[in-house]
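Using our numbering, you'd call the opening residue of the sequence shown number 1 and step up by one each time. Have a look at the structure below, then the notes.
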Amino acid sequence: MVEIIFLGSGGGRFITITQFRPTGGFFINSSKRIYVDPGPGALVRAWRYKIDPRKIDVLFVSHRHTDHCNDAEIMVEGMTVGVTKKRGTLIASKSVVYGDENHTPAVSKYHLDSLEEVHIPNPGERIQLGEDEMTITPTVHSDPTAIGFILKTRVGKIGYIPDTEYFEELKKIYNGVRLLIASVTRPTNMKIPYHLCTEDVIYMLKDMKQKPEMLIVSHIGMKMHFTNPYKEAKFIENVTGVKTLVAKEGFKVKMEKADIKLRTLRPAREL
Numbered sequence: 001m002v003e004i005i006f007l008g009s010g011g012g013r014f015i016t017i018t019q020f021r022p023t024g025g026f027f028i029n030s031s032k033r034i035y036v037d038p039g040p041g042a043l044v045r046a047w048r049y050k051i052d053p054r055k056i057d058v059l060f061v062s063h064r065h066t067d068h069c070n071d072a073e074i075m076v077e078g079m080t081v082g083v084t085k086k087r088g089t090l091i092a093s094k095s096v097v098y099g100d101e102n103h104t105p106a107v108s109k110y111h112l113d114s115l116e117e118v119h120i121p122n123p124g125e126r127i128q129l130g131e132d133e134m135t136i137t138p139t140v141h142s143d144p145t146a147i148g149f150i151l152k153t154r155v156g157k158i159g160y161i162p163d164t165e166y167f168e169e170l171k172k173i174y175n176g177v178r179l180l181i182a183s184v185t186r187p188t189n190m191k192i193p194y195h196l197c198t199e200d201v202i203y204m205l206k207d208m209k210q211k212p213e214m215l216i217v218s219h220i221g222m223k224m225h226f227t228n229p230y231k232e233a234k235f236i237e238n239v240t241g242v243k244t245l246v247a248k249e250g251f252k253v254k255m256e257k258a259d260i261k262l263r264t265l266r267p268a269r270e271l
């Protein structure tokens, strides 16, 4: 069994600064404990749902935008038990580790030196994580070094599409995953550069030879939030036949060999 817990479902600058939807990313509990895209609030919401950052094994950061990387350093401090033990793995885009012409690095040298492993992979590279294998996937985003992944686990593949605009290879790259987590920032007829909208996801799914069993829509922007993401998800499901759900804080997915189960967790701690 593999578990995924969402610590938020929001994305984009206006959702991030208002926190109409939390921006804590999500957590995968498989043969390794993997935290993905720790945006603002990740640390607080991890504790809220009994995820101890001192027990995280891998931190994955897709790119150097605040809604994906804000809490990266404090999560590294958690993994390394307050920078007292050299442990943990960081898998991140080049921009996260080195910065770019517009951004400083998201993780300092002090924090990088505390880690056991640091990977700055290119699309197509594979990284062994315990019994699982992570394959790095490409994007077309304003941060050109942004990366996603496919995680091959004992109960099937999990795909993560971070911020990207639609490109034809997406339907081939993620073909055959059981569970697809996609950043769908905009609703129908409101497309913007470098991000997916509802129509993009429909085009991708309809052309897949082996569609996912389930799609989880996340990284919801302000326009999607007020348009009603649940209505957009139902539209995707009706057109493609793929069960489509909207992520929210505390949303837990259990992947087993036979099926995928869902529940919503109650917070262990109040904010």
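Just so you know, even glycine gets a beta-carbon here, dropped at the ideal spot from N, CA and C. Since the structure is predicted, the reported quantities are computational estimates derived from the model, not experimental observations.
So the alpha helix (DSSP H) threonine 188 belongs to, where does it begin and stop?
As a position in the sequence shown, residue 188 is number 188, starting the count at 1. DSSP places threonine 188 outside any alpha helix (DSSP H), giving it a letter other than H or E.
Threonine 137 lies in the beta strand (DSSP E); which residues open and close that run?
Numbered from 1 along the sequence shown, position 137 holds the residue referred to as residue 137. Residues 132 to 137.
Once the 5 residues before and after lysine 257 are set aside, which same chain residues still bring their CB inside 6 Å of it?
Taking the sequence shown and counting its residues from 1, the one referred to as residue 257 is at position 257. Val155.
Check whether the region 100 to 109 and the region 126 to 133 touch, using three or more Cβ-Cβ pairs below 8 Å as the test.
no
Give me the residue from Pro162, Val239, Ile216, Pro123 with the minimum Cα distance to serine 142.
For the purposes of this step, residue 142 is identified with residue 142 of the sequence shown, where counting begins at 1. The residue with the shortest Cα to Cα distance from serine 142 is Pro162.
Using CA atoms only, rank isn't needed, just tell me which of Arg45, Asn122, Asn189 is closest to glutamate 232.
In the sequence shown, counting from the first residue as 1, residue 232 sits at position 232. It is Asn189.
Check lysine 152 in the structure and name its three-state DSSP category.
The residue you call residue 152 lines up with position 152 of the sequence shown. For lysine 152, the three-state secondary structure derived from DSSP is strand.
Is tyrosine 35 helix, strand or coil when you go by DSSP?
Within the sequence shown, numbered from 1, the residue matching residue 35 stands at position 35. Of the three classes helix, strand and coil, the one that applies to tyrosine 35 here is strand, per DSSP.
Write down the C-beta distance between proline 193 and valine 242 rounded to the nearest angstrom, noting that I regard them as a contact closer than 8 Å.
Taking the first residue of the sequence shown as position 1, residue 193 is located at position 193. Taking the first residue of the sequence shown as position 1, residue 242 is located at position 242. 25 Å between Cβ atoms; not a contact.
CB alanine 247 to CB serine 9, shorter than 8 Å?
Taking the first residue of the sequence shown as position 1, residue 247 is located at position 247. Taking the first residue of the sequence shown as position 1, residue 9 is located at position 9. Yes, they are a contact pair.
Would you kindly report the start and end of the unbroken beta strand (DSSP E) that includes leucine 90?
On the sequence shown, position 90 is the one that residue 90 refers to. Leucine 90 -> beta strand (DSSP E) spans 89 to 92.
Suppose you measure from the CA of tryptophan 47 to the CA of arginine 266; what does that come to, to the nearest Å?
Position 47 of the sequence shown holds residue 47. Position 266 of the sequence shown holds residue 266. Distance between the alpha carbons of tryptophan 47 and arginine 266 is about 12 Å.
Below 8 Å on the Cβ atoms is my guess for threonine 164 versus isoleucine 150; work out the distance and round it to an integer in Å.
Residue mapping note: residue 164 aligns to position 164 of the sequence shown, counting from 1. Residue mapping note: residue 150 aligns to position 150 of the sequence shown, counting from 1. 14 Å between Cβ atoms; not a contact.
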